[in-house]
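**Q** Sharing a structure below in structure tokens format, with a few things to ask.
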Amino acid sequence: MRKCRRSFLRWSIAGPFVISSLTRQVTASQGERLEEQNSSPGIVYEPARGIPVVEQSDVIVCGAGPAGISAAIAAARCGVKVRLLEVHGCLGGIWTAGLLSWILDSGNKKGLIQEIIKRLEKRDAVVRFPEGAGSAVGYRPEIMKFVLEEMVQEAGVALQLFTRVCAASTDADRNIQAVVTESKSGRQAWKAKVFIDATGDGDLAAFAGCRFDYGDENGGPAQPMSMLAMLVGLDPEAVKLFVRGLAEPAGERSPKSRLLEEIRRGGHDPSYHAPTLFYLGHGLYCLMANHEYRVSALDAAQMTAATLRSRAEVHRIVEALRSLGGPWKDIQIVATNEQIGVREGRRPYGIYRLSADDLRNGARHDDAVCTVTFPVDIHSPDPDKDKGIVTRSFRSQPYDIPYRALLAADVNNLLFAGRCISGDFVAHSSYRVTGNAAAMGEAAGVAAALAAQKNCHPRDLPWSEIAPHLERLRSQSG
Numbered sequence: 208m209r210k211c212r213r214s215f216l217r218w219s220i221a222g223p224f225v226i227s228s229l230t231r232q233v234t235a236s237q238g239e240r241l242e243e244q245n246s247s248p249g250i251v252y253e254p255a256r257g258i259p260v261v262e263q264s265d266v267i268v269c270g271a272g273p274a275g276i277s278a279a280i281a282a283a284r285c286g287v288k289v290r291l292l293e294v295h296g297c298l299g300g301i302w303t304a305g306l307l308s309w310i311l312d313s314g315n316k317k318g319l320i321q322e323i324i325k326r327l328e329k330r331d332a333v334v335r336f337p338e339g340a341g342s343a344v345g346y347r348p349e350i351m352k353f354v355l356e357e358m359v360q361e362a363g364v365a366l367q368l369f370t371r372v373c374a375a376s377t378d379a380d381r382n383i384q385a386v387v388t389e390s391k392s393g394r395q396a397w398k399a400k401v402f403i404d405a406t407g408d409g410d411l412a413a414f415a416g417c418r419f420d421y422g423d424e425n426g427g428p429a430q431p432m433s434m435l436a437m438l439v440g441l442d443p444e445a446v447k448l449f450v451r452g453l454a455e456p457a458g459e460r461s462p463k464s465r466l467l468e469e470i471r472r473g474g475h476d477p478s479y480h481a482p483t484l485f486y487l488g489h490g491l492y493c494l495m496a497n498h499e500y501r502v503s504a505l506d507a508a509q510m511t512a513a514t515l516r517s518r519a520e521v522h523r524i525v526e527a528l529r530s531l532g533g534p535w536k537d538i539q540i541v542a543t544n545e546q547i548g549v550r551e552g553r554r555p556y557g558i559y560r561l562s563a564d565d566l567r568n569g570a571r572h573d574d575a576v577c578t579v580t581f582p583v584d585i586h587s588p589d590p591d592k593d594k595g596i597v598t599r600s601f602r603s604q605p606y607d608i609p610y611r612a613l614l615a616a617d618v619n620n621l622l623f624a625g626r627c628i629s630g631d632f633v634a635h636s637s638y639r640v641t642g643n644a645a646a647m648g649e650a651a652g653v654a655a656a657l658a659a660q661k662n663c664h665p666r667d668l669p670w671s672e673i674a675p676h677l678e679r680l681r682s683q684s685g
């Protein structure tokens, strides 16, 4: 929808900051000036202060979702010092805080994603959907949290939760020197040789001054968000015709349409007209039946309002089903996601930009980090036209994600991983799913580790040096 350039020179927020090991005290004259400045309504000035540097790492990964987790583990397994920063109180991002509960487009990929799935299987926490239900693996989010924590600790990744990245210090040569975070520990700075943006919304890229797109390039908004819920109280046999993964073996090809009819029969017309119910085993289900339209992932006030609306709608949907009695009479919500599901944030500019043509033509690249098989999946941004999935005029072919799409065009020592790699609106709707995100993170982590070891920029590493290390890691992982 718009192309943005952050024209920050040394700092990505208003005013210069100095990174030091000691916080400076505000002098009396500074205090007087601040008092005079702050007498004006509309803006508050804070005193100049130093920001303590917590540590120097080889690689810093911002965001611990599917991409960030994979990046951090991969880099650590290459033998470098890795720091992982995450805003939530658990690892996994959309997998856990977002309650997504299924992994798409993982079947053709080796490596960490298969290791994660195998570890979940050992704890009886995986449901493999049959043919016809899509290429997906269901899992229980609470077990996923534990598995990821276990893997991060085993790899030796230094982790800090409850920590939000809020700024980046860059030099005149377009290198990030440090990221700045806010947490209960106050404002802190973290230095590294190489940085990976796995925030999903491209937060670090924006703070560092990268150009980015947001929304449809033709002027439309971003894809809608969704609130998910964990449900219990349903007999799998009694509701199987409404449930993805159970309906298909029973001969029902349209469980979403059936579920939509049931919700409407209970007196509610949901905001998403392709509602989906997944069975995760052990009596647990995941419901996705909500859309929040025209909400900016870059606006906290809009996100707050969307979260309140969507959670209220999820409760109305469940109440509508319960009112029908029969197999629905005991349905209950046990949890809704603390992080509303965001499909689309910033798409920062990389050295290569994936496009709809890549999908249409089944593009192949010598520096492929993975091959995407998931189709174009655009949830309608405009509820006045459609409340389901937008149909495009072409069918996508399997295509490669090149390493160059992970390399920031505007910052030397920054890599992207996950849904915030470089691509257009249509391509993003396909590569954004988490099986691909994990593979991207894995590649970014290996590249970052090698660049740190060689004291060079990731863009200066030839793919021929990265590929053998990545293949070796993937062979050892799964």
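Our numbering numbers the first residue of the sequence shown as 208 and each following residue consecutively. Positions of the beta carbon are idealized from the N, C-alpha and C atoms, including for glycine. Treat the numbers as computed from the prediction; the structure is a model and nothing was measured.
1) Rounded to the nearest angstrom, how far is the Cβ of Val268 from that of Ile403, given a contact under 8 Å?
2) Can you give me the Cβ contacts of Val364 inside the same chain, cut-off strictly under 6 Å, excluding the 5 residues immediately before and after it?
3) Distance, Cα to Cα, Pro259 vs Gln395?
4) Hey, how far is the Cα of Gly314 from the Cα of Ile320?
5) For Gln604, collect the residues of the same chain with a Cβ closer than 8 Å to its Cβ; drop the 5 residues on either side in sequence, then sort them by chain order.
6) With a threshold of 7 Å on Cβ separation, who are the neighbours of His664 within its own chain once the five nearest residues in sequence on each side are excluded?
7) Going residue by residue through the stretch 386-422, where are the continuous beta strand (DSSP E) segments of at least 3 residues, counting only ones entirely within it?
8) Which residue comes first and which comes last in the alpha helix (DSSP H) that contains Ala654?
9) So what does DSSP say about Thr370, is it helix, strand or coil?
10) Tell me which same chain residues have a C-beta within less than 6 Å of the C-beta of Tyr346, skipping the five on either side of it?
11) Please determine, among Ser464, Glu444, Lys463, Leu467, the residue with the shortest C-alpha to C-alpha distance to Ala457.
12) Alpha carbons only, please: which of Glu253, Gly452, Ile608 is nearest the one belonging to Phe336?
13) Where does Met495 sit, in a helix, a strand or coil, going by DSSP?
14) For Phe485, which of helix, strand or coil comes out of DSSP?
15) According to DSSP, is His664 helix, strand or coil?
16) Mind checking Gly272: buried by the 16 CB within 10 Å criterion, or exposed?
17) Let me know the alpha helix (DSSP H) ranges lying completely inside the stretch 538-591, each 4 residues or longer, listed in chain order.
18) Which residues bound the alpha helix (DSSP H) around Met437?
19) Below 7 Å CB to CB, which residues in the same chain sit around Leu491 once its five sequence neighbours on both sides are set aside?
20) Are the beta-carbon atoms of Tyr638 and Val541 separated by less than 8 Å?
21) Who pairs with Cys269 in a beta bridge, going by DSSP?
22) Please report how far the alpha carbon of Asp574 lies from the alpha carbon of Ala624, in whole angstroms.
23) Considering only DSSP beta bridges, list what Phe623 is partnered with.
24) Based on the DSSP output, what are the partners of Val607 in its beta bridges?
25) Helix, strand or coil for Gly473 per DSSP?
26) Gln360 by DSSP, collapsed to three states: which one?
27) Alpha carbons only, please: which of Pro669, Arg472, Val294, Gly426 is nearest the one belonging to Glu526?
28) When burial is assigned at 16 or more other CB atoms within 10 Å of the CB, is Thr377 buried or exposed?
29) I'd like to know if the stretch 411-422 and the stretch 295-307 are in contact, where contact means that at least 3 CB-CB pairs between them fall below 8 Å.
30) Following the continuous beta strand (DSSP E) through Tyr346, name the residue where it begins and the one where it ends.
31) Measure the C-alpha to C-alpha separation of Met351 and Pro254 and round it to an integer number of angstroms.
32) If we ignore side chains and look at the alpha-carbon of each, how far apart do Ser461 and Ala454 end up?
33) Relative to the C-alpha of Phe369, which residue among Val583, Ser390, Leu484 is closest?
34) Bridge partners of Ser264, per DSSP?
35) Tell me whether Val502 sits in a helix, a strand or coil according to DSSP, three-state version.
36) Where does the unbroken beta strand (DSSP E) through Arg335 begin, and where does it stop?
**A** In terms of the structure at hand:
1) 5 Å
2) Ala279, Ala283, Val289, Leu291
3) 6 Å
4) 9 Å
5) Leu566, Arg567, Asn568, Gly569
6) Asn619, Asn620, Ala658
7) 393-404, 419-421
8) 641-661
9) coil
10) Leu327, Ala332, Val333
11) Glu444
12) Gly452
13) strand
14) strand
15) coil
16) buried
17) 563-568
18) Counting along the chain, Met437 falls outside any alpha helix (DSSP H), though it belongs to the beta strand (DSSP E) covering 435-439.
19) Arg347, Met437, Val439
20) no
21) Leu292, Asp404
22) 15 Å
23) Asp404
24) According to the sequence shown, residue 607 is Asp rather than Val. Beta-bridge pairing links Asp607 to Thr578.
25) coil
26) helix
27) Arg472
28) buried
29) no
30) 343-346
31) 43 Å
32) 8 Å
33) Ser390
34) Ala399
35) coil
36) 333-335
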